[in-house]
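Residue numbers (this note's numbering), protein chains in the order written: chain U, 1 to 131; chain Y, 132 to 262; chain V, 263 to 393; chain W, 394 to 524; chain L, 525 to 655; chain D, 656 to 786. Even glycine gets a Cβ: it sits at the ideal position worked out from N, Cα and C. Only a predicted model underlies this, so the values are computations on that prediction, with no experimental measurement involved. Structure record follows, encoded as C-alpha cells.
6 protein chains.
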Amino acid sequence: MVSERYRKGLTEMRRHLGTPEADEYIAKINEVSAEFAKLNVEFPFGELYRRDILDDKTRELCAVTALTVLGHALPELRVHVKAALNCGASREEIVEVVTQMIAYCGFPAATNALLTVKETFELIDAEPTDD
Amino acid sequence: MVSERYRKGLTEMRRHLGTPEADEYIAKINEVSAEFAKLNVEFPFGELYRRDILDDKTRELCAVTALTVLGHALPELRVHVKAALNCGASREEIVEVVTQMIAYCGFPAATNALLTVKETFELIDAEPTDD
Amino acid sequence: MVSERYRKGLTEMRRHLGTPEADEYIAKINEVSAEFAKLNVEFPFGELYRRDILDDKTRELCAVTALTVLGHALPELRVHVKAALNCGASREEIVEVVTQMIAYCGFPAATNALLTVKETFELIDAEPTDD
Amino acid sequence: MVSERYRKGLTEMRRHLGTPEADEYIAKINEVSAEFAKLNVEFPFGELYRRDILDDKTRELCAVTALTVLGHALPELRVHVKAALNCGASREEIVEVVTQMIAYCGFPAATNALLTVKETFELIDAEPTDD
Amino acid sequence: MVSERYRKGLTEMRRHLGTPEADEYIAKINEVSAEFAKLNVEFPFGELYRRDILDDKTRELCAVTALTVLGHALPELRVHVKAALNCGASREEIVEVVTQMIAYCGFPAATNALLTVKETFELIDAEPTDD
Amino acid sequence: MVSERYRKGLTEMRRHLGTPEADEYIAKINEVSAEFAKLNVEFPFGELYRRDILDDKTRELCAVTALTVLGHALPELRVHVKAALNCGASREEIVEVVTQMIAYCGFPAATNALLTVKETFELIDAEPTDD
Numbered sequence: 001m002v003s004e005r006y007r008k009g010l011t012e013m014r015r016h017l018g019t020p021e022a023d024e025y026i027a028k029i030n031e032v033s034a035e036f037a038k039l040n041v042e043f044p045f046g047e048l049y050r051r052d053i054l055d056d057k058t059r060e061l062c063a064v065t066a067l068t069v070l071g072h073a074l075p076e077l078r079v080h081v082k083a084a085l086n087c088g089a090s091r092e093e094i095v096e097v098v099t100q101m102i103a104y105c106g107f108p109a110a111t112n113a114l115l116t117v118k119e120t121f122e123l124i125d126a127e128p129t130d131d
Numbered sequence: 132m133v134s135e136r137y138r139k140g141l142t143e144m145r146r147h148l149g150t151p152e153a154d155e156y157i158a159k160i161n162e163v164s165a166e167f168a169k170l171n172v173e174f175p176f177g178e179l180y181r182r183d184i185l186d187d188k189t190r191e192l193c194a195v196t197a198l199t200v201l202g203h204a205l206p207e208l209r210v211h212v213k214a215a216l217n218c219g220a221s222r223e224e225i226v227e228v229v230t231q232m233i234a235y236c237g238f239p240a241a242t243n244a245l246l247t248v249k250e251t252f253e254l255i256d257a258e259p260t261d262d
Numbered sequence: 263m264v265s266e267r268y269r270k271g272l273t274e275m276r277r278h279l280g281t282p283e284a285d286e287y288i289a290k291i292n293e294v295s296a297e298f299a300k301l302n303v304e305f306p307f308g309e310l311y312r313r314d315i316l317d318d319k320t321r322e323l324c325a326v327t328a329l330t331v332l333g334h335a336l337p338e339l340r341v342h343v344k345a346a347l348n349c350g351a352s353r354e355e356i357v358e359v360v361t362q363m364i365a366y367c368g369f370p371a372a373t374n375a376l377l378t379v380k381e382t383f384e385l386i387d388a389e390p391t392d393d
Numbered sequence: 394m395v396s397e398r399y400r401k402g403l404t405e406m407r408r409h410l411g412t413p414e415a416d417e418y419i420a421k422i423n424e425v426s427a428e429f430a431k432l433n434v435e436f437p438f439g440e441l442y443r444r445d446i447l448d449d450k451t452r453e454l455c456a457v458t459a460l461t462v463l464g465h466a467l468p469e470l471r472v473h474v475k476a477a478l479n480c481g482a483s484r485e486e487i488v489e490v491v492t493q494m495i496a497y498c499g500f501p502a503a504t505n506a507l508l509t510v511k512e513t514f515e516l517i518d519a520e521p522t523d524d
Numbered sequence: 525m526v527s528e529r530y531r532k533g534l535t536e537m538r539r540h541l542g543t544p545e546a547d548e549y550i551a552k553i554n555e556v557s558a559e560f561a562k563l564n565v566e567f568p569f570g571e572l573y574r575r576d577i578l579d580d581k582t583r584e585l586c587a588v589t590a591l592t593v594l595g596h597a598l599p600e601l602r603v604h605v606k607a608a609l610n611c612g613a614s615r616e617e618i619v620e621v622v623t624q625m626i627a628y629c630g631f632p633a634a635t636n637a638l639l640t641v642k643e644t645f646e647l648i649d650a651e652p653t654d655d
Numbered sequence: 656m657v658s659e660r661y662r663k664g665l666t667e668m669r670r671h672l673g674t675p676e677a678d679e680y681i682a683k684i685n686e687v688s689a690e691f692a693k694l695n696v697e698f699p700f701g702e703l704y705r706r707d708i709l710d711d712k713t714r715e716l717c718a719v720t721a722l723t724v725l726g727h728a729l730p731e732l733r734v735h736v737k738a739a740l741n742c743g744a745s746r747e748e749i750v751e752v753v754t755q756m757i758a759y760c761g762f763p764a765a766t767n768a769l770l771t772v773k774e775t776f777e778l779i780d781a782e783p784t785d786d
C-alpha cells in the first residue's frame, strides 16, 4: 500500500537514524498525522538524502550544523547526533561542527547545542551493549 | 604590531576566501571598527578554522549550511560559496547542501540561498581569466 | 479602575482562550509585571483582535501558523491550539496548518509544533467533562 | 517525462501564483538546479496544497503569515501576496494579517512585510490592464 | 481627532527619531494602513517608551541590540542608530553594542548590522549642516 | 598553563556571573569540550566585555535584550538576569527591558523571557542568605 518512494525513504531513514529509532520517530508523528509522517519519510529521506552527490557523513554534519543554528530544534539535534555517529562521524567531529557554529549563530545557540550533544553521548554510553 | 593569532588567522582567512577577497572584506569592516575587524580575523580564522579535526571543504559546506538556514546572511553566503569552491567543493555539492536545507529551514530561506549561489556562480563566470 | 480598552480586551481574550484560561494566563504574567499583563490584554486583544476584517477562526489559524514558524513558542502554541478549537477550527484543520508550514519553516519547527498540538489534544481529551 | 505529481503540482501552483508567474518562478530556480525546481513544484504544490482540508484563501493567508514572521523572506512574500489575491483574499485582509502579526513577531518584521505588501499592490496597480 | 495616547506617542517618537524623520516614517506606513500607523505611534512610543524606568539612551542601545540580533531588520536599525545618537549615545557606544552582539548572534548578523551602522554614519556626515 | 587572556576573561566572567556560577558554567561545558570552554572564557569575557566603552550594567541589559529576542536562549537568559543584578541593574529595569522587547520580537518571545526572569527572581529569593 505504501509508495515506492516511501519504501526507499524508510530504508534510507533507518540507515541514518537506526532501525528502531527511525520507526519510533515516525510512529510518534503518525499518531497525530499520517500525512505528516508520510511526508517526513518520503521527502527528506526518499528524495533529498538519496542523491549521491554528498556522502552520508557530510549530510549528517550539515544536519547537525543546521539544527545548531536554528536554536529551537534540540530534540531533532539529538536524533541527528546519533545519525551522524551511525554514518561514520566521530564524536570529536560532531563537537567541532558545533564549536565552529559559535561564529555563525553566537554562543547561546551553540552552547545549548553542545550540551544536547553531551547528553546524547551520555545516553549512548548508558545504553546496554549487545554482548 | 599584530598578534601571532592575527597573522595566522589572516593566512587561514586568505586560504579560504582568496587573497584580495579576505583583505578587502576586513578592510571594509576596519573602516568602522578596528576592534571588530581584528576579532573577525582572530576568532573564527585564527582559532576555530585552524583546528585540524575537520578539513577545509567540510568546514565550508557547514558554513554554507549555516548561512542558508540563517536566512538573513546572503552577503556572507556569497563569500562562503567562493570559499567552498576555493577549498575543493564542487558547484554541484554546494547546490546539494542548499537543497538538503529545504528540509531544515523550509523553501523561502533555501530558495533565497539558492538564487544567491546562482548569482555568485555567474559573477565568477564573468570574471576575466588570467590567461 | 481598568480602562475601557482593557475591559473589552479581556472579553475578547476570554472568548478566544476560554474564561478561566485567559484569566490564569494574565494572572501568571501579572505576578512579575502589571504593565506587561495590561499590555497583553489591551494591545493584541483590545486592539488587533477586535477588528472585524478577519473572523476569529482565521485569526487563530494564523496564530497557530506564526507560533509554528517561530519555533521557540511552544507554550503559546498550546494556548492558541485551544483558542483555535474554541473559535471553530477543527483538529484536522489545525494539523493541516502545521503540516503546510513544513514548506515554510522546515521539518524541525513543524515537527515540534505537531507534537505540541498532539499533547494539547491529549490534555483536552483527559479533561473531565461537564456531564 | 514529468511525473503525475509534478503535473498536478504545476496546475495547483499556477492556480495560486498565476500562469506566467508560476512558470517564471520555477524557470529561474531551474537555471541553477533542476532538482530544487522539481521539488518546489512537487512537494508544496503537488502534495501540501492539494489537500482539501483548508481552502486556498486560508492557505494563502497562512503563507502571508509565515513569510511575515520569518522576516527574511520578502521576495516570497511578494509572490504570496499576489497568490492570496488570486485565491480570493482582499487587500484589506492581507494587510490585516500582517497587522495581527505585530503581536507575534514585533514591529520590525511586520513593518518590512507591510511595506512589501504596499509595493506589491503598487506593482499590480501599475500593470497594464487587458482591455 | 487623535487620542491622547497618540499625541503623547508622537511627541515621544519625534524626540527619539527626530521631527521630520518620525513623521515621514509614519506617513509611509499610513499610505497602506492607517491602523498599523496608529498602533506604531501609540504602542511602542505612547506606552513602552514613555515609562521612566529606563533612560532614553539605554532604551535606544537596547533597540540597536535587538535589531542587530534579529538580523532581518536593517531598515529599522538605520532609524534607531540615528535615534541612539539623538538620545545621547556616542558613535563608539553604538559600534560597541553591535560588537558585543557577535557573542550572542554570531558574525553574520553582527557584520550586517555593523555595515548598516557605517552607512548610517556616512549618510549623517553627508547631510548639509544648518550653518 | 592558561593564557593571560583566559585569566583576565575568567576574572571578568566571575565579576559578571558570580564566582561559583562562572566556574560551574565553564566546568559543565568543559566536560564535553575543553576548546569550547576556553573560547567561552577568552572571547566574550577576555575580549568583548573587558573594553571600557560600555559599563557593565549596560552590557548586561543588552545581553538580557539579546537573549529575549533570540527566543531559544532561556538557560542563558537565566545566567544573565543574575549577571545584570550583580552589575547593578534593578529587578524593575530587567523587567522593563524585557517589556520593551515586545515591540521588537512580539509577545511570545517576550512572554517566555518574562516568565524566565520571574523564575530566576524566585530562585534567588529561595537561596539561603549568608547571615
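Secondary structure of residue i, DSSP reduced to three states
i: V/H342; result: helix
i: D/H727; result: coil
i: U/M13; result: helix
i: Y/R190; result: helix
i: L/G630; result: helix
i: D/P699; result: helix
i: D/L694; result: helix
i: Y/I255; result: helix
i: D/L740; result: helix
i: L/Y573; result: coil
i: W/T458; result: helix
Pick from the options that is closest to residue i, judged by C-alpha positions
i: Y/M232; options: V/Q362, V/C367 and V/T361; result: V/C367
i: Y/A240; options: Y/K249, Y/L205, Y/A214 and Y/V210; result: Y/L205
i: W/E486; options: V/Y311, V/M263, V/N292 and V/I288; result: V/Y311
i: Y/E192; options: Y/F167, Y/I160, Y/H203 and Y/H211; result: In the sequence on display, residue 192 of chain Y carries Leu and not Glu. Ranking the options by Cα distance to Y/L192, first place goes to Y/H211.
i: Y/R136; options: Y/S164, Y/G219 and Y/E173; result: Y/E173
i: D/D741; options: D/N695, D/H727 and D/T713; result: Note that residue 741 of chain D is Asn in the sequence shown here, rather than Asp. Nearest C-alpha to D/N741: D/T713.
i: U/A136; options: U/E47, U/E31 and U/V97; result: The structure shown does not extend to residue 136 of chain U, since chain U is modelled only from 1 to 131, so the question has no answer here.
i: V/N374; options: V/V326, V/K300 and V/G280; result: V/V326
i: V/D318; options: V/G350, V/F383 and V/K290; result: V/G350
i: D/A677; options: D/P699, D/S658 and D/M656; result: D/P699
i: W/E469; options: W/R484, W/N433, W/F500 and W/A496; result: W/N433
Amino acids of chain L, ordered along the chain, whose beta-carbon sits closer than 7 Å to that of residue i
i: W/V488; result: V556 and S557
Where residue i meets chain D, residues with beta-carbon distance less than 7 Å
i: L/E584; result: Ordered by position in chain D, no residue passes the 7 Å Cβ test against L/E584, which lies about 10 Å from the chain.
8 Å Cβ cut-off: residues of chain W touching residue i
i: U/F45; result: Within 8 Å Cβ-Cβ: nothing; U/F45 doesn't reach chain W, min ~13 Å.
Chain-ordered chain W contacts of residue i [CB-CB under 7 Å]
i: V/R313; result: E489
Partners in chain V for residue i, counting only beta-carbon separations shorter than 8 Å
i: W/E397; result: By Cβ distance, chain V contributes nothing, its closest Cβ being about 20 Å from W/E397, past 8 Å.
Within-9 Å CB hit, residue i to chain C
i: Y/L179; result: This model lacks chain C altogether; the protein chains it does include are U, Y, V, W, L and D.
TODO: Give, in chain order, every residue of the stretch 756-783 of chain D whose Cβ lies closer than 9 Å to some Cβ of chain U.
DONE: none
Open item on the list: Can you pull out the residues from the stretch 8-41 of chain U whose beta carbon lies closer than 8 Å to at least one beta carbon of chain V?
Closed with: Listed by position, the residues of the stretch 8-41 of chain U near chain V (Cβ gap below 8 Å) are K28, I29, E31, V32, S33, E35, F36, L39 and N40.
- [ ] May I ask you to list, following chain order, the residues of the stretch 66-88 of chain U that have a beta carbon less than 7 Å from some beta carbon of chain D?
- [x] G71 and H72
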